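Numbering (my numbering), first residue to last: 5 to 144. Working notes, beginning with the structure itself.
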Amino acid sequence: MLDAATIEKILTILQDKKKEWQDYTLSSREKDPFCVLLGCILSQRTKDAVTHKAAEKLFQLAPSPEAILKLSEDELSRIIYPVGFYRKKARTLREISKILLGKYGGKVPSSLEELLQLPGVGRKTANLVLSTSFDKDAIA
5 MLDAATIEKI
15 LTILQDKKKE
25 WQDYTLSSRE
35 KDPFCVLLGC
45 ILSQRTKDAV
55 THKAAEKLFQ
65 LAPSPEAILK
75 LSEDELSRII
85 YPVGFYRKKA
95 RTLREISKIL
105 LGKYGGKVPS
115 SLEELLQLPG
125 VGRKTANLVL
135 STSFDKDAIA
């Protein structure tokens with residue numbers, strides 16, 4: 005059994021660490037389906053700290069499919085660098101944005117089947133979007 009002093013030390017450490025852990029959320033965008041989808045794409049084969057910085061920069065400049073498409077592939081690549089495979093991901097983000105605008109009125113679909121049809125989206129990404137943005141039961 006832990007004594008009160010030890011418990012107090014543990015709580016203090018956790019409070020300090022909580023500040024660090026909160027740095028890896030996307031603030032008010034963390035439930036937005038478009039931001040979650042693109043954030044997941046950026047995170048593939050990339051460290052969380054790198055993903056976070058790239059996503060924040062991206063969503064400040066281009067928070068919607070329309071805004072993504074206003075950027076050239078080269079501009080988009082520069083914005084998301086140094087995520088892994090940044091050139092391929094820039095192309096994928098533009099492709100997804102075109103599909104969302106053309107087929108879904110600019111909205112991210114809320115079904116697993118439709119999400120899996122998007123380029124660069126596999127089961128893990130689709131399930132993260134469903135559980136985080138649409139509060140659906142999904143295993144990510």
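Just so it is clear, CB atoms sit at the ideal spot from N, CA and C, and this is done for glycine as well. Fair warning: this is a prediction, and the values are worked out from it, not measured in the lab.
Once the 5 residues before and after residue i are set aside, which same chain residues still bring their CB inside 7 Å of it?
i	result
residue 84	46, 58, 62, 90, 93, 94
residue 142	131, 134, 135
May I have the straight-line CA-CA distance separating residue i from residue j, to the nearest angstrom?
i	j	result
residue 144	residue 66	26 Å
residue 15	residue 140	32 Å
residue 116	residue 40	15 Å
residue 107	residue 12	54 Å
residue 111	residue 79	23 Å
residue 82	residue 54	14 Å
For residue i, report the span of its alpha helix (DSSP H) as first-last.
i	result
residue 85	Run containing residue 85: none; DSSP gives neither H nor E here.
If residue i sits next to residue j, beta carbons under 8 Å apart, how far is it from one beta carbon to the other, in whole angstroms?
i	j	result
residue 36	residue 137	7 Å
residue 49	residue 77	The pair is not a contact, with the Cβ atoms about 19 Å apart (cut-off 8 Å).
Return the chain-ordered list of same chain residues with a C-beta closer than 6 Å to the C-beta of residue i, the five sequence neighbours on each side being excluded.
i	result
residue 124	45, 96
residue 105	69
When you measure from the CB of residue i to every non-hydrogen atom of the ligand PLP, does any distance come out below 8 Å?
i	result
residue 142	The ligand PLP is not part of the structure shown, which contains no ligands of any sort.
With a CB to CB cut of under 8 Å and the five nearest residues on each side skipped, what residues in its chain are close to residue i?
i	result
residue 71	65
Taking CB distances under 9 Å as the criterion, tell me whether residue i reaches chain C.
i	result
residue 11	Annotation note: the requested chain C is absent from the structure, which comprises a single protein chain.
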